[in-house]
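Have a look at this one:
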């Protein structure tokens, strides 16, 4: 049982660390493209939600302010929360 616990304590963090790496882009690629991509659910007020057909909320406004400060265009993907993880 101890062996299994030690094995899992090593494998799980490694999996979490490397699992999302396939979609990450290097800063140089982001800078060259001029676009940064972000994902949200669009249904979690007050952080992200729709007002009519416009995505809004604290998270949306913050991401747009950061993109503007970096001189980048922000490209949103609206996906279910479980697809973001």
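Numbering (the numbering used here), first residue to last: 703 to 787. In this text, a Cβ means the ideal position worked out from N, Cα and C, and glycines have one as well. If you're wondering where the values come from, they're calculated on a predicted model, not measured in any experiment.
Continuous alpha helix (DSSP H) stretch holding residue 753: start and end: By one-based count along the chain shown, residue 753 stands at place 51. Taken as a continuous stretch (DSSP letters only), residue 753 belongs to no alpha helix (DSSP H), being part of the beta strand (DSSP E) at 750-753.
When burial is assigned at 16 or more other CB atoms within 10 Å of the CB, is residue 762 buried or exposed? As a first step, residue 762 must be located in the chain shown, where it is residue number 60. Label assigned to residue 762: buried.
Please confirm if residue 768 has its CB atom under 8 Å from at least one CB of chain C. No chain C is present in this structure, which holds just one protein chain.
CB-CB under 6 Å to residue 766, same chain, minus the five flanking residues each way: which ones, in chain order? Within the chain shown, residue 766 is the residue found at index 64, counting from 1. The answer, listed in chain order, is 776.
Leaving out the 5 sequence neighbours to the left and right, which residues in its chain are closer than 7 Å to residue 747 when beta-carbon positions are compared? The residue you call residue 747 lines up with position 45 of the chain shown. Its chain contains 759 as the residues whose beta carbon lies nearer than 7 Å to that of residue 747, once the 5 sequence neighbours on both sides are disregarded; these appear in chain order.
Using only CA atoms, which one of 730, 727, 731 and 757 lies nearest to residue 743? Here residue 743 refers to the residue found at position 41 when the chain shown is read from its first residue. Ranking 730, 727, 731 and 757 by Cα distance to residue 743 puts 757 first.
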